[in-house]
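Comments concern the structure below.
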Amino acid sequence: MTAPDLRTPAVVAGAALLVMAVLAPLGLLLALPAGHFGVAALVALTVAVLDVVAAVALLPVLATGGELWAWIAATLRVAYAAVFTVAGASLLAPVDEARFHAVWDAGLLVFGAHLLVAGAACVRSTLVPTWIGWLVVLAGAGYAFDAVVVAVGAESAFSLGAVTFVGEVVLLLWLLVRCGRQ
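Under my numbering, the first residue of the sequence shown is numbered 84, with each subsequent residue one higher.
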């Protein structure tokens, strides 16, 4: 595919990522702590669907860094969407908020792996700026690190992913504004 042919999938992926970036905090940082479990579950399930949309739309963009890298990244993102769906379902009757957090925390390792692979594809790409790829790799490392900290039961008031997520934001902005334009 040529760069202009990638414009549509780039915009679809960028738009899906942008909607997720707005919805997820509303559902998980506002609705969930307030006890609005139905709203939080709906947000989680919507985000999971958007994750699949993003995975498919990102395939041709990431394939510029290697077909195998793109498919592995897409598979990991779809796997994360499945895990997040299971987590979101635990907020439905009967509500099990602890299970939601346990499943979601485990899923963040899969999501981190997705970002590591997607970032590597971006670094290898002739289309995506290399520095964006490295920011995505850092974001993946941040999520993976946080998931491992939780898995081993270590206490941490600091979330590395809360800082490194900037790589995702930069990627989504690049997808919406620059990808496929000459």
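Backbone N, C-alpha and C define an ideal beta-carbon position, used for all residues, glycine too.
Quick caveat: nothing in here was measured; it's all calculated off a predicted structure.
Exercise. In the structure shown, what three-state DSSP assignment does ASP179 receive?
Worked result: Residue numbering aside, residue 179 sits at position 96 when the sequence shown is read from its first letter. In the three-state reduction of the DSSP assignment, ASP179 falls in the coil class.
Problem set entry | 7 Å CB neighbourhood of THR129 in its chain, flanking five on each side removed | One-based indexing of the sequence shown puts residue 129 at position 46. A distance below 7 Å between beta-carbons, with the five flanking residues on each side excluded, links THR129 to the following residues of its chain, in chain order: LEU106.
Exercise. Under three-state DSSP, which class holds THR129?
Worked result: Position 46 of the sequence shown holds residue 129. Here DSSP, grouped into helix, strand and coil, assigns THR129 to helix.
Problem set entry | Contact under 7 Å by Cβ, GLY171 with ALA230 | The residue you call residue 171 lines up with position 88 of the sequence shown. The residue you call residue 230 lines up with position 147 of the sequence shown. No.
Problem set entry | Nearest-angstrom beta carbon gap, GLY223 and PRO196 [assumed within contact, 8 Å] | Counted from its first residue, the sequence shown places residue 196 at position 113. Counted from its first residue, the sequence shown places residue 223 at position 140. The residue asked about is misnamed: residue 196 is Ala in this sequence, not Pro. Taking 8 Å as the upper bound for CB-CB distance, ALA196 and GLY223 are in contact here, some 7 Å apart.
For this session: Compute the Euclidean distance between the alpha carbons of TYR163 and ALA99, then round it to the nearest angstrom.
Result: In the sequence shown, residue 163 corresponds to position 80, counting from 1. In the sequence shown, residue 99 corresponds to position 16, counting from 1. So the two alpha carbons sit approximately 15 Å from each other.
Problem set entry | Exposure label - TRP152; buried when at least 16 CB within 10 Å | Taking the first residue of the sequence shown as 1, we reach residue 152 at position 69. Buried: at least 16 other Cβ atoms inside 10 Å.
Exercise. Is it buried or exposed for SER208, if we count other Cβ within 10 angstroms and need 16 for buried?
Worked result: Your numbering for residue 208 matches position 125 in the sequence shown. Burial is judged here by how many other beta carbons sit within 10 angstroms of a residue's own beta carbon; SER208 has at least 16 and is buried.
For this session: Note the first and the last residue of the continuous alpha helix (DSSP H) segment covering GLY244.
Result: Residue mapping note: residue 244 aligns to position 161 of the sequence shown, counting from 1. Note, GLY244: alpha helix (DSSP H), 244-247.
Problem set entry | 7 Å Cβ cutoff met for LEU210 and THR147 | As a position in the sequence shown, residue 210 is number 127, starting the count at 1. As a position in the sequence shown, residue 147 is number 64, starting the count at 1. Contact flag set, yes.
Exercise. Thinking C-beta only, is LEU258 closer than 7 Å to ALA97?
Worked result: Mapped onto the sequence shown, residue 97 falls at position 14. Mapped onto the sequence shown, residue 258 falls at position 175. The sequence shown places Gly at residue 97, not Ala. For GLY97 and LEU258, yes; Cβs fall inside 7 Å.
For this session: Report yes if the CB atom of VAL166 is closer than 7 Å to the CB atom of VAL193, and no otherwise.
Result: Taking the sequence shown and counting its residues from 1, one reaches residue 166 at position 83. Taking the sequence shown and counting its residues from 1, one reaches residue 193 at position 110. The answer is yes: Cβ separation under 7 Å.
For this session: Pick out the complete alpha helix (DSSP H) segments inside the stretch 146-212, 4 residues or longer, and give them in chain order.
Result: Residue ranges of uninterrupted alpha helix (DSSP H) with 4 or more members, entirely inside the stretch 146-212 and ordered along the chain, are 150-172, 180-207.
Problem set entry | Close-in-space but distant-in-sequence residues of the same chain around LEU254 (CB under 7 Å, 5 per side omitted) | As a first step, residue 254 is located in the sequence shown; it is residue number 171 there, counting from the start. Counting only Cβ-Cβ distances below 7 Å, and skipping sequence neighbours, we find ILE215, VAL219.
Exercise. CA-CA distance, LEU125 and VAL186?
Worked result: For the purposes of this step, residue 125 is taken as the residue at position 42 of the sequence shown. For the purposes of this step, residue 186 is taken as the residue at position 103 of the sequence shown. The alpha-carbon atoms of LEU125 and VAL186 are separated by roughly 16 Å.
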